[in-house]
Amino acid sequence: MKFNLGTILIGLVHITNVVADSESLIDPRTRFPDRYTLPNQTFPGLQSNWNPPIDSGEQSYVGNGRLKGRKALITGGDSGIGRAVAIAYAREGADVTINYLPEEQSDADEVRRYVEDSGVKFHGIPGNLRNETFCTDLVQQAYTAMGGLDILVSNAGVATNQPNISEISGEQIRRTFETNVYASLFLSRAAAPLMPAGSSIMFTASTTGRLAVPYLVDYSATKAALVSMARTLGVQLAPKGIRVNAIAPGMTYTNFLTSQGQTQESVEAFATAFLPLGRLQQPVEVSPLYVLVAAGENTASIGSVYSSNGGDSGF
Numbered sequence: 348m349k350f351n352l353g354t355i356l357i358g359l360v361h362i363t364n365v366v367a368d369s370e371s372l373i374d375p376r377t378r379f380p381d382r383y384t385l386p387n388q389t390f391p392g393l394q395s396n397w398n399p400p401i402d403s404g405e406q407s408y409v410g411n412g413r414l415k416g417r418k419a420l421i422t423g424g425d426s427g428i429g430r431a432v433a434i435a436y437a438r439e440g441a442d443v444t445i446n447y448l449p450e451e452q453s454d455a456d457e458v459r460r461y462v463e464d465s466g467v468k469f470h471g472i473p474g475n476l477r478n479e480t481f482c483t484d485l486v487q488q489a490y491t492a493m494g495g496l497d498i499l500v501s502n503a504g505v506a507t508n509q510p511n512i513s514e515i516s517g518e519q520i521r522r523t524f525e526t527n528v529y530a531s532l533f534l535s536r537a538a539a540p541l542m543p544a545g546s547s548i549m550f551t552a553s554t555t556g557r558l559a560v561p562y563l564v565d566y567s568a569t570k571a572a573l574v575s576m577a578r579t580l581g582v583q584l585a586p587k588g589i590r591v592n593a594i595a596p597g598m599t600y601t602n603f604l605t606s607q608g609q610t611q612e613s614v615e616a617f618a619t620a621f622l623p624l625g626r627l628q629q630p631v632e633v634s635p636l637y638v639l640v641a642a643g644e645n646t647a648s649i650g651s652v653y654s655s656n657g658g659d660s661g662f
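Here the numbering used here is used: the first residue of the sequence shown is 348, the next is one more, and so on.
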């Protein structure tokens with residue numbers, strides 16, 4: 348039997364590539380622990396208080412320049428998913444401005460360090476998004492500070508567990524809608540005239556916008572509204588070259604859980620019953636979607652809803 352040396356070498360290269368590819372795989376079953384300890388804290392809560400730590404990509408996200416030169420404003424960028432998006436965008440080459448509540452300054456300072464270590468510019472603007480005037484000023488301040496704006500991520504949100512409709516106060520309803528829906532409208536209204544063609548607007552929706560979660564009536568309604576806004580505003584702004592989409596995460600291991608009123612027992616029960624991996628997702632598992640949607644080559648994504656939900660479709 349004759350052997351062709353060229354064929355043998357090609358085969359060895361192929362085997363080597365397969366091994367290399369296999370080594371780059373990440374097993375979702377073992378990437379993160381399936382047990383958590385929720386601290387005892389109320390709204391807004393700090394990410395730095397959590398143990399085991401929330402993974403927003405501080406040590407794990409590696410970028411490759413997909414957003415080089417872009418300029419992003421992210422609300423709720425101090426912790427959780429917003430923090431993960433800020434870190435991911437920075438490591439992909441974008442300048443970043445985050446908004447947060449004044450009580451969250453220590454978390455925002457940590458984000459500043461991670462963003463600036465990536466070699467891009469960081470700006471932090473504290474303030475309450477329930478104020479219409481502040482929303483408008485926030486966009487203008489971010490635009491001026493960065494010298495432009497081509498990514499808006501309206502991510503900040505609030506929720507309160509309440510299983511009895513008769514006990515939902517008017518103030519709770521106003522707070523939830525003003526933070527989750529009104530702010531997204533005000534921010535988009537202010538940003539759209541400033542954004543060039545190729546820009547991207549994203550709303551953080553939720554799987555609760557399509558699932559019936561009986562203890563989150565008002566919150567679920569706001570997230571369904573954001574999905575509708577992404578679709579309708581996406582159609583409206585497409586002729587201007589601005590893409591609008593929504594990201595709908597499932598339950599995620601962030602300080603939003605305790606702010607919402609979740610407990611250790613409720614989180615573990617949900618993960619066991621409805622998540623095939625038996626665990627909540629981490630923010631760093633969600634942030635790549637925000638990179639994908641913002642990326643310049645994703646030009647036909649308009650009015651779409653992207654979801655990283657850990658398989659909660661069985662809920």
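Virtual Cβ for every residue (Gly too), placed ideally from N, Cα, C.
This one's a predicted model, so the numbers in the text were calculated from it and none came from an experiment.
With a cut-off of 8 Å on the beta carbons, I'd call residue i and residue j a contact; round off their distance for me.
| i | j | result |
| --- | --- | --- |
| G504 | T551 | 6 Å |
| S501 | L534 | 5 Å |
| P630 | I401 | 6 Å |
| T569 | F524 | 6 Å |
| E337 | G412 | Residue 337 lies beyond the residue range present for the chain, which begins at 348 and ends at 662; the question has no answer from this structure. |
| L624 | G658 | 7 Å |
| R578 | I498 | Not really, about 19 Å apart at Cβ, beyond 8 Å. |
| A433 | G410 | Contact doesn't hold; Cβ gap of about 12 Å is too wide. |
| V640 | M549 | 6 Å |
| R460 | G471 | In fact, because the Cβ distance is near 11 Å, the residues do not count as touching under 8 Å. |
| G588 | G556 | That belief does not hold up - the Cβ atoms of G588 and G556 are roughly 27 Å apart, past 8 Å. |
| A489 | L420 | 4 Å |
| A437 | S407 | Between S407 and A437 the Cβ distance is about 14 Å, and since that is not below 8 Å, they are no contact. |
| N602 | G427 | 6 Å |
| A538 | L496 | 6 Å |
| S606 | T389 | 7 Å |
| T507 | G429 | So it is not a contact: roughly 19 Å between Cβ atoms. |
| A642 | L414 | 7 Å |
| A441 | V467 | 6 Å |
| V564 | I515 | 7 Å |
From which residue to which residue does the beta strand (DSSP E) around residue i run?
| i | result |
| --- | --- |
| T646 | No beta strand (DSSP E) holds T646; DSSP gives it neither H nor E. |
| S547 | 547 to 551 |
| F469 | 469 to 473 |
| K418 | 418 to 422 |
| I445 | 442 to 447 |
| I512 | No beta strand (DSSP E) holds I512; DSSP gives it neither H nor E. |
| R626 | Careful: R626 lies outside any beta strand (DSSP E) and carries neither H nor E. |
| R378 | R378 -> no beta strand (DSSP E), and no H or E assigned at all. |
Along the chain, where does the alpha helix (DSSP H) that runs through residue i open and close?
| i | result |
| --- | --- |
| V638 | 634 to 641 |
| S575 | 564 to 584 |
| R477 | Counting along the chain, R477 falls outside any alpha helix (DSSP H), and DSSP gives it neither H nor E. |
| S535 | 530 to 538 |
| I428 | 427 to 438 |
| A295 | A question about residue 295 goes unanswered here, because the residues of the chain that appear run from 348 up to 662. |
| S613 | 611 to 621 |
Are any of the Cβ atoms in chain B nearer than 8 Å to that of residue i?
| i | result |
| --- | --- |
| S634 | Here chain B cannot be found, since the structure has a single protein chain. |
In the DSSP assignment, what residue or residues form a beta bridge with residue i?
| i | result |
| --- | --- |
| T483 | Paired residues: none, contrary to the question. |
| S453 | None, per the DSSP bridge assignment. |
| A593 | F550, V652 |
| I498 | A419, S547 |
| T555 | None, per the DSSP bridge assignment. |
| I599 | It should be pointed out that residue 599 corresponds to Thr in this sequence rather than to Ile. DSSP lists Q628 as partners of T599. |
Item to check | Inter-stretch contact at 8 Å, needing at least 3 Cβ pairs: the stretch 611 to 620 / the stretch 371 to 391 | outcome: yes
Next on the checklist: Across the stretch 625 to 640 and the stretch 561 to 576, are there enough close Cβ pairs to call them in contact, namely three or more that are closer than 8 Å?
Outcome noted: no
Checklist entry - Just checking, does the stretch 483 to 495 make contact with the stretch 531 to 547 on the three C-beta pairs under 8 Å criterion? => result yes
Item to check | Inter-stretch contact at 8 Å, needing at least 3 Cβ pairs: the stretch 392 to 411 / the stretch 588 to 595 | outcome: no
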